[in-house]
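Below is one structure, written out as structure tokens; the observations come after it.
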Amino acid sequence: MKSILKVGLGVGIVTGVACSMLYYILCAVLDLRFALLNPVSIMVMSVAVNIIGAAIYNKLLHTTTRPRIYYGMITVGAALLLSLFDWAYPPEPDIAGVANTLHALVAALSIAWVPVWIRKRRYPN
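Numbering (our numbering), first residue to last: 412 to 536.
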């Protein structure tokens, strides 16, 4: 359990930093500002989502023969549902374009790094 938390925290921090940089770039290019979406909320949610993702991947690792494919499908499905929710019920005007891009980046980095980091924790060199 401790290694799952470390993996989720590590991937979440790296993902949160990448998403915060992308957030600043998108806000500068699109000339937008949001009260609810800021680097702190991006970092907190990136860490939380990746801890949950690490726990899901660890469970899939013990129950299926192809955990990375199933983890990818679950992650893309969750990001898609969050993006659709932002389009249908935006908490602020024009937030969907920025938030959906951040959802895609978090999902992509999580799919790429969570399985690799968990395998490195299980089988260190």
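A virtual CB, placed ideally from N, CA and C, is assigned to each residue, including glycine.
Predicted, not measured: the structure shown is a model, and the values here were computed from it.
For residue i, which residues of its own chain have a beta-carbon under 7 Å away from its beta-carbon, when the five flanking residues on both sides are left out?
| i | result |
| --- | --- |
| Val-418 | Ala-465, Val-525, Trp-528, Ile-529 and Arg-532 |
| Ser-407 | Only positions 412 to 536 of the chain appear in this structure, which leaves residue 407 out of reach. |
Taking only three categories from DSSP, how would you classify residue i?
| i | result |
| --- | --- |
| Leu-443 | coil |
| Leu-420 | helix |
| Asp-537 | The chain is shown only over 412 to 536; residue 537 falls outside these bounds and no answer can be derived. |
Buried or exposed, going by whether 16 or more other CB atoms sit within 10 Å of the CB of residue i?
| i | result |
| --- | --- |
| Asn-469 | buried |
| Gly-427 | buried |
| Val-455 | exposed |
| Leu-416 | exposed |
Take residue i and list the residues in its own chain whose beta-carbon comes closer than 6 Å to its own, dropping the five residues that flank it on each side.
| i | result |
| --- | --- |
| Leu-513 | Cys-430 |
Would you tell me roughly how many angstroms separate the C-alpha atoms of residue i and residue j, rounded to the nearest one?
| i | j | result |
| --- | --- | --- |
| Pro-501 | Asn-449 | 15 Å |
| Ala-510 | Leu-447 | 11 Å |
| Val-458 | Arg-477 | 25 Å |
| Leu-471 | Tyr-435 | 35 Å |
Quick one: residues in its chain with C-beta nearer than 8 Å to the C-beta of residue i, no 5 flanking neighbours on either side, listed in chain order?
| i | result |
| --- | --- |
| Asp-505 | Leu-441 and Leu-443 |
| Trp-498 | Ala-507 and Asn-511 |
> Which runs of the alpha helix (DSSP H) fall wholly inside the segment 422-483 and span at least 4 residues, in chain order?
Replying inline: 450-474
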